[in-house]
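Engineer: Below: one structure in structure tokens.
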Amino acid sequence: MSAIGAQDLSALIQAMAERVAAEREALNRLDAALGDGDHGTSISTAFAVAVEEIEALEQPSLNAIWLATAKALMNRMGGASGAIFGTFFLKGVATLRDADRLHKDAMGALLAAGLEGVKARGKAGVGDKTMVDALAPAVAAFGAADEFASAWRAAAAAARTGAESTRDQVARQGRAKFLGERAIGQQDPGATTIALMFEASHLWWKENKQ
Amino acid sequence: MSAIGAQDLSALIQAMAERVAAEREALNRLDAALGDGDHGTSISTAFAVAVEEIEALEQPSLNAIWLATAKALMNRMGGASGAIFGTFFLKGVATLRDADRLHKDAMGALLAAGLEGVKARGKAGVGDKTMVDALAPAVAAFGAADEFASAWRAAAAAARTGAESTRDQVARQGRAKFLGERAIGQQDPGATTIALMFEASHLWWKENKQ
Amino acid sequence: MTARVHKLINRPENLVDEMLEGFCAAHSDIVRLVDKRLVMRAQPKAPGKVGLIIGCGSGHEPAMTGWIGEGLFDVNIAGEIFAAPGPALMVQGIRAADNGGGVLICVSHHAGDLLNAELALELCEAEGIDNVDMVLLYDDISSAPKGREPERRGTAGLFFVWKLLGAFCEGDGDLAAAKALAEKVRDNTRSLAMSLSSCASPVTGEVMFEMAPGEMEIGMGLHGEVGMGRQKALGADETIDLMLPPLLEDLPFQAGDEVLVLLNNSGSLTLMELFVLYRRAAAKLAEAEISVYRSWIGPYATTQEMAGFALSLCRVDEQMKALWDAPANGAYMKQL
Amino acid sequence: MTARVHKLINRPENLVDEMLEGFCAAHSDIVRLVDKRLVMRAQPKAPGKVGLIIGCGSGHEPAMTGWIGEGLFDVNIAGEIFAAPGPALMVQGIRAADNGGGVLICVSHHAGDLLNAELALELCEAEGIDNVDMVLLYDDISSAPKGREPERRGTAGLFFVWKLLGAFCEGDGDLAAAKALAEKVRDNTRSLAMSLSSCASPVTGEVMFEMAPGEMEIGMGLHGEVGMGRQKALGADETIDLMLPPLLEDLPFQAGDEVLVLLNNSGSLTLMELFVLYRRAAAKLAEAEISVYRSWIGPYATTQEMAGFALSLCRVDEQMKALWDAPANGAYMKQL
Ligand SMILES: Nc1ncnc2c1ncn2[C@@H]1O[C@H](COP(=O)(O)OP(=O)(O)O)[C@@H](O)[C@H]1O
Ligand SMILES: Nc1ncnc2c1ncn2[C@@H]1O[C@H](COP(=O)(O)OP(=O)(O)O)[C@@H](O)[C@H]1O
Ligand SMILES: [Mg+2]
Ligand SMILES: [Mg+2]
Ligand SMILES: [Mg+2]
Ligand SMILES: [Mg+2]
């Protein structure tokens, strides 16, 4: 049975970092329509810091890797989104304890804890035009699958569909909230980032663990 | 031999007042191109006050009428132009002493004293794109004529020609100074007012004293 | 047109650092800069007094760096343009403001400011820093209806809280008393803003939102958040006549009340206009038999060069009046 | 676009009166309004001290009404927008400022201000009011070349004169000494301005002059007077690097000098930008071994919502530093 070890986890974070960096300008453009146009820059800078911090870890345990990512996102993004994306990682840390390998269900629990943390922190539910619209279905799809490969595939697809669903929504959280009806027709940048993160994970899994 | 008495002088001021009031918007438009667009409003308001103050005079001597006009222009226009137009009247007052009638030469001396005052106060000469471009030739033409009728006619014509000559000039005084080359092509509003004042005087003379 | 988008900055990514360097160099008698993003008093408060901190996005100058100093805040943690700083910086600020009397984190209600303050409190707990508390502040009546006040945004009216709380924390009150005072001022404060124009983001160099000349919007937030919709721009007296009644009703402010008044300039409104607006507000308050104890008119919290203002009222009692009159010496808030 | 032309005023013809009413109502502890256009100290100076007055056009708020008060001016006579008041009002102001120690008329060099002050002096003579004098002040290096300083315009740098002279006239110096001090400060002061945008006239409701986005003009005057021509707008550091050298050369300011620095906001520049600009100016002054004694950054003399600033320097000695540090309490100039 396949599992994720510390080296895998840091490679996974790195894959996410590369993917958001590649989409940096596209994410900025999405945010320009709904917010202040910096989402791509913020998230890619913060992920790059996460990768550096992980590389610098003396004891790169699963726990330490996930926490380093949480801190980089919280402290380097700033604003509400830094707190939200940071919380996603931070709230998973407790589920890891001293584990040195993650099986599919543990990974699912990690993601689910993150989702719960995000919802509690940001008060956004599905339909509020935030990253939760991508994250919630992705976590559900991951949990419902039997093993890693189909879990990542289903999660990536669900995240993408969720992100696209934000186009028709009026925002109830985040800066876009203040646009009212003017937000309709635009895809939420944070939700798009979640889709990119799950797509990158799925791809990484396919290329390295299948 | 014809002469100007106190009643005539106040009628003359009133004729000027009516003429600038009629051209108020045209003067504002000229000033909008070169300055701050208020010349028509300022000069017509101030002349209207002069007329009121003259009507309120208990002893409407030549001297008192000319001084009241000076004060109204100085205090109601404000700015550099109030000081300039006010000075034109103020500096004539001394030439009047206790006279109760003005013959043509005395009227010429009154105007000439005003011109000298304006030049000393405002440091503008002919060619600087100010009211001096209309006033100086008008005063010279008035002085060169033999009697009132031809003096007013020549002065009015000279003032108009002088005002029109300002179109080709760059301003060296007044707000338009700060426009540099951009002032070329626009007629100076203050010079235009001087032309209106002399034209009104000429017309009044023709209709009332000829 | 009077538009501009070009800003006199260097590279946007260095903007906040460079501006804080410039600010702290200009006011080295009042503040010092620590670790690029912490602006703190040049002379710390006496030991045992409650420390006051606020973390917030930049781009609203003179808020909040201009309010560090005697009788005001101890530390400001400056985030990026319009983005609250992250929790690690907040914790650093908490440590810096701690004089042994505990630290109160003041949060002007915006999602980022609140979430990061919450995270910072969690970090403090994890790190064993106690005697830290947070107070959530809001005043903008346009952002949530009466009865749902805690959902409202924090805007210019919070300057009443900053001034009174700053004065209070020079005294002997403890952390709980400081928090209670902040809540008391908040609960007596109401604000409503309006704007005539958009402004350009110094980060993107683009206009932040579209607004046609001749339009106005009542209720616009500090970052251009939508208010109560666009309408034709009105004259000064008409604008006050539109904005004052809902403000008065909301608290409500009543005959016999004494108030502080703030007209906050969002950026490029002229003081000339603010004085004309104040004239009408003062006349209308007098009509309602509400007396003005003191007033402030000027740029307190700006939104870049947005042309607009906020009208804020704070009902005061004797304690609050005395706190108001206490000396203050921030770079942009001076009370003799 | 971030443009606006609409102003929050009522009828333009009532603008100056209404704004003065609003201003004086808001600051009744500091000023009172006499006869619609005279703003004077609420508490007059001690008898025998030299009175300071200034007459000037309105539309530059907080100049000059914000500078009436202890340690500053005694009386401001407010003209229409951008037009100096007439001589009769000036004489009324002179009478109001006369505490028995004579009155100094401060003239910021613009044609209207100077001509009306001259007329007022002539009226005083005619009316037998003596012990009145006038001082002509200028600082803008762009408006006339070195060697022809008295032809230069008065701009933001004169705030150094106002502050130091105001403090001086709280002391025992006589009229001649006050005038000499004003000239000393003037002769040690130099300014240069720039602008990125035009602004709208509140009288006509029209833009005052055209300026394309992305352009800047160095040397622009307080009413949009042309400076040294248009050029492509630069970044903050480049702009300072262009403006500071000619300023330093003009006096010249030299290694070892101690200076006051003012960055005056013409209207809609942000404080954020001014801090970034100040950072560079401070670094360049340090390189030239010129040390900054104190600095001011903010809107002192505005040109409506024009986006620009003036950089002013004043070389100081011990007397001037002490005058600088003396207390002042104007509505918009406070020194603790
Ligand atoms: N309360 C919230 N809950 C969940 N997600 C949020 C919340 N607020 C903001 N977000 C997410 O953050 C994204 C914006 O991120 P970013 O542009 O980096 O931050 P900022 O708005 O501070 O500039 C939004 O697209 C949205 O998905
Ligand atoms: N120094 C001066 N000498 C002569 N005339 C002047 C001078 N300065 C201004 N003027 C006249 O004043 C006119 C402008 O008047 P007005 O618009 O009423 O004043 P302001 O420029 O203060 O708005 C100019 O057209 C010019 O003829
Ligand atoms: Mg964003
Ligand atoms: Mg004019
Ligand atoms: Mg942002
Ligand atoms: Mg004018």
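Residue numbers (this note's numbering), protein chains in the order written: chain A, 978 to 1187; chain B, 978 to 1187; chain C, 138 to 473; chain D, 138 to 473. Don't be surprised by glycine CBs; every beta carbon is placed ideally from N, CA and C.
Would you give the residue range spanned by the alpha helix (DSSP H) that aspartate 378 of chain D belongs to?
Structural biologist: 373-387 is the extent of the alpha helix (DSSP H) around aspartate 378 of chain D.
Engineer: Just to make sure I have the definition right: I need the residues of chain C whose C-beta is within less than 9 Å of the C-beta of asparagine 1040 of chain A. Which are they?
Structural biologist: Correct list: empty, because the minimum Cβ distance to chain C is about 14 Å.
Engineer: Can you tell me where the beta strand (DSSP E) holding glycine 216 of chain C begins and where it ends?
Structural biologist: 212-218 is the extent of the beta strand (DSSP E) around glycine 216 of chain C.
Engineer: What is the DSSP secondary structure of tyrosine 430 of chain C, counted as helix, strand or coil?
Structural biologist: In the structure shown, tyrosine 430 of chain C sits in a strand (DSSP, three-state: E or B).
Engineer: Within the continuous beta strand (DSSP E) that includes threonine 326 of chain D, where are the two ends?
Structural biologist: Its beta strand (DSSP E) spans residues 326-332.
Engineer: Beta-carbon within less than 6 Å of alanine 1136 of chain A's beta-carbon, same chain only, minus the 5 sequence neighbours each way: which residues are those?
Structural biologist: So the list reads Ala1111, Ala1115, Ile1171, Ala1172 and Phe1175, once near-sequence residues are dropped.
Engineer: Report the start-end ranges of each alpha helix (DSSP H) in the region 1072-1108 of chain B that is 4 residues or longer and not cut off at the edges.
Structural biologist: Within the region 1072-1108 of chain B, the complete alpha helix (DSSP H) runs of at least 4 residues are 1081-1099.
Engineer: Going along chain B in order, which residues have a C-beta closer than 7 Å to the C-beta of proline 222 of chain D?
Structural biologist: Within chain B, the residues near proline 222 of chain D are Gly1055.
Engineer: Residues of chain D with CB under 7 Å from isoleucine 434 of chain C, in chain order?
Structural biologist: What isoleucine 434 of chain C touches in chain D: Ala163.
Engineer: Report, in whole angstroms, the separation of the C-beta atoms of phenylalanine 210 of chain D and isoleucine 190 of chain D, which I expect to be a contact under 8 Å.
Structural biologist: Indeed they touch by this definition, with Cβ atoms about 7 Å apart.
Engineer: Which chain B residues are close to serine 403 of chain D, counting only those with a beta carbon under 9 Å from its beta carbon?
Structural biologist: Result: empty, since nearest Cβ-Cβ is about 15 Å, beyond 9 Å.
Engineer: To the nearest angstrom, report how far apart leucine 1044 of chain A and serine 1038 of chain A are at their CA atoms.
Structural biologist: Those two C-alpha atoms are separated by around 10 Å.
Engineer: Could you round the C-beta distance between leucine 175 of chain D and isoleucine 218 of chain D to whole angstroms and report it? I think they count as a contact, below 8 Å.
Structural biologist: Leucine 175 of chain D to isoleucine 218 of chain D, Cβ: 17 Å. No contact.
Engineer: With H, G and I counted as helix, E and B as strand and the rest as coil, what does DSSP make of methionine 138 of chain D?
Structural biologist: Caution is warranted here: a pLDDT of 36 is assigned to methionine 138 of chain D, below 50, making its placement in the model unreliable, and the coordinate value is therefore given only provisionally. It is coil, neither helix nor strand.
Engineer: Closer than 8 Å by beta-carbon distance: list the chain C residues that pair up with alanine 1009 of chain A, in chain order.
Structural biologist: The answer, in chain order, is Thr341 and Glu343.
Engineer: At the 7 Å Cβ level, is methionine 1051 of chain B part of the contact set with chain D, yes or no?
Structural biologist: Closer than 7 Å: yes.
Engineer: Can you give the beta carbon distance from leucine 312 of chain D to threonine 440 of chain D, rounded, assuming they're within the 8 Å contact cut?
Structural biologist: Incorrect: roughly 32 Å between the Cβ atoms, too far for contact.
Engineer: For alanine 1118 of chain B and alanine 1128 of chain B, I'd like the C-alpha separation in whole angstroms.
Structural biologist: If I take the Cα positions, the gap works out to 7 Å.
Engineer: Let me see if you follow: with CB-CB separation under 7 Å, is glutamate 155 of chain D close to chain B or not?
Structural biologist: It does not; no Cβ of chain B falls within 7 Å.
Engineer: Just curious, the alpha helix (DSSP H) that valine 1028 of chain B is in, first and last residue?
Structural biologist: That run of the alpha helix (DSSP H) goes 1016-1032.
Engineer: Give the interface partners of lysine 144 of chain C over in chain D, defined as CB-CB distance under 7 Å, in chain order.
Structural biologist: Per Cβ cutoff of 7 Å: Glu410.
Engineer: Is the beta carbon of aspartate 1165 of chain A within less than 6 Å of some heavy atom of ligand 3?
Structural biologist: No, ligand 3 has no heavy atom inside 6 Å of this Cβ.
Engineer: Can you tell me which of the three DSSP states glutamate 1124 of chain B falls into?
Structural biologist: Reduced to three states, the DSSP call for glutamate 1124 of chain B is coil.
Engineer: Mind checking if leucine 256 of chain D is an interface residue toward chain B, Cβ cutoff 7 Å exclusive?
Structural biologist: Interface residue, yes.
Engineer: Chain C partners of lysine 1048 of chain A, CB-CB under 8 Å?
Structural biologist: Per Cβ cutoff of 8 Å: Ala225.
Engineer: Within 7 Å of any Cβ in chain C, is that where the Cβ of glycine 1102 of chain A sits?
Structural biologist: Not an interface residue.
Engineer: Less than 8 Å between the CB atoms is what I'm expecting for aspartate 277 of chain C and arginine 289 of chain C, so what's the real figure, rounded?
Structural biologist: Contact flag correct, Cβ pair sits at about 5 Å.
Engineer: For the region 993-1022 of chain A, enumerate the residues whose C-beta is nearer than 9 Å to any C-beta of chain C, in chain order.
Structural biologist: Those residues of the region 993-1022 of chain A that come within reach of chain C (Cβ to Cβ, closer than 9 Å) are Asn1005, Ala1009, Asp1013, Gly1014, Asp1015, Thr1018 and Ser1019.
Engineer: With alanine 221 of chain D and cysteine 193 of chain D assumed to form a contact (beta carbons below 8 Å), what rounded beta-carbon distance in angstroms separates them?
Structural biologist: With a Cβ gap of about 6 Å, alanine 221 of chain D and cysteine 193 of chain D count as contacting.
Engineer: Just checking: is the beta-carbon of leucine 252 of chain D within a distance shorter than 7 Å of some beta-carbon in chain B?
Structural biologist: Closer than 7 Å: yes.
Engineer: Start and end of the beta strand (DSSP E) containing leucine 175 of chain C?
Structural biologist: 175-178 is the span of the beta strand (DSSP E), which, as asked, contains leucine 175 of chain C.
Engineer: Is there a Cβ from chain C that is less than 7 Å from the Cβ of glycine 1157 of chain A?
Structural biologist: It does: the Cβ of glycine 1157 of chain A has a partner Cβ on chain C nearer than 7 Å.
Engineer: Does the distance between the C-beta of glutamine 1150 of chain A and the nearest non-hydrogen atom of ligand 1 fall short of 6 Å?
Structural biologist: Answer for glutamine 1150 of chain A: yes, Cβ within range of ligand 1.
Engineer: In chain order, what are the residues with a CB under 5 Å from some non-hydrogen atom of ligand 3?
Structural biologist: Any residue whose Cβ sits closer than 5 Å to a heavy atom of ligand 3 makes the list: A:Asp1008, A:Gly1012, A:Asp1013, A:Asp1015 and A:His1016.
Engineer: Can you tell me whether proline 199 of chain D is buried or exposed, with buried defined as 16 or more other CB within 10 angstroms of its CB?
Structural biologist: Answer is buried; the Cβ neighbour count reaches 16.
Engineer: Can you give the Cα-Cα distance for alanine 1140 of chain A and leucine 381 of chain C, rounded to whole angstroms?
Structural biologist: Answer to the nearest angstrom: the Cα atoms are 42 Å apart.
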